[in-house]
Amino acid sequence: MTPYTPKPFPTVDGAVLHRAFIWSSIGTKIILAITGIGLALFLPIHLAGNLLLFAGAEPFNRYAHKLISIPVLVPIVEIGLVALFIIHSAKAILNYLSNSKARPSRYASSQWAGGRSRKTWASTTMIISGLTLGAFVPIHLIQMKYGAYYPTSVDGERVRDVYKVVMETFANPLNVAFYLFCMAIVGMHLYHGFASAFSSLGVSHPRYSPFILWAGRLFGAVVGLGFFVLPIYAAVVG
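Heads up, the sequence shown is in our numbering, so the first residue is 463 and it goes up one at a time.
Below, the structure written as structure tokens:
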């Protein structure tokens, strides 16, 4: 009788496991959550600087000049934000396509919040709001960061008059309408996405999940409203 020799367990390369996880449904949601939180945390910082618009031209231009004068930090942050934005956008599109393919019927009806379902208009339109913001960001950068250069002086130093660029941009009612629409989209995207990100990371418990949900909604409302008032102020004052 031939003795039984157990077969060794097959080994899997670690790199293969990493790739499998990254492209899996769970991995995609975790990456979406991490990159989304990273981008979301940048927004209050960006908003705080933009609120100096209310202080007038000199404080706003001084802030803008000091910001771009940091030699190493700003380029690193910009590269990091671009990487987060690209990864988040790509993963969101892939996740949407994967979910669409997995649905039994494209004509299945949506169950809205109010009963047991937690679906809201914000949650079911995340891909639309995300694509809208994906189109907005390059336009915003072209207009504000890489737009017209008007020289001015702050503390005896020649700097770019970013305040004038902002005021000139929002002197056009079409630009005001476009920015107001996009800022409403920002608030709506954060309204659902912030709490959803923590849920994807496993931070879910009956005791504190309601707090995370409402904190996310409050965060989206405050950030969205903060950006929303800036074009209105610039249009009125300018």
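Note that beta-carbon positions come from the ideal geometry of N, C-alpha and C, so glycine has one too.
Tell me which residue opens and which closes the beta strand (DSSP E) that residue i is part of.
| i | result |
| --- | --- |
| R669 | No beta strand (DSSP E) contains R669, which DSSP labels as neither H nor E. |
| V621 | 619-622 |
| T587 | Element bounds for T587: n/a, residue is neither H nor E. |
Is the distance from the Cβ of residue i to the Cβ of residue j below 8 Å?
| i | j | result |
| --- | --- | --- |
| V599 | L515 | no |
| A659 | G498 | yes |
| H550 | L501 | yes |
| H651 | G688 | no |
| L636 | F690 | no |
| I589 | Y608 | no |
| V685 | G655 | no |
| A697 | V638 | yes |
| L692 | A495 | no |
With DSSP run on the structure shown, which of helix, strand or coil describes residue i?
| i | result |
| --- | --- |
| V534 | coil |
Return the first residue and the last residue of the alpha helix (DSSP H) that residue i is part of.
| i | result |
| --- | --- |
| S486 | Segment: none, S486 is in no alpha helix (DSSP H) and carries neither H nor E. |
Applying the criterion that 16 or more other CB atoms from any shown protein chain within 10 Å of the CB defines a buried residue, is residue i buried or exposed?
| i | result |
| --- | --- |
| A710 | Absent from the model: residue 710. The displayed extent of the chain is 463 to 700, so no value can be given. |
| N523 | buried |
| P537 | exposed |
| A564 | exposed |
| G682 | buried |
| F673 | exposed |
ask   = Considering only residues of the region 624-648, which uninterrupted alpha helix (DSSP H) runs meet the minimum length of 4 residues and lie entirely inside it, listed in chain order?
value = Entirely contained in the region 624-648, the alpha helix (DSSP H) runs reaching 4 residues are, in chain order, 624-631.
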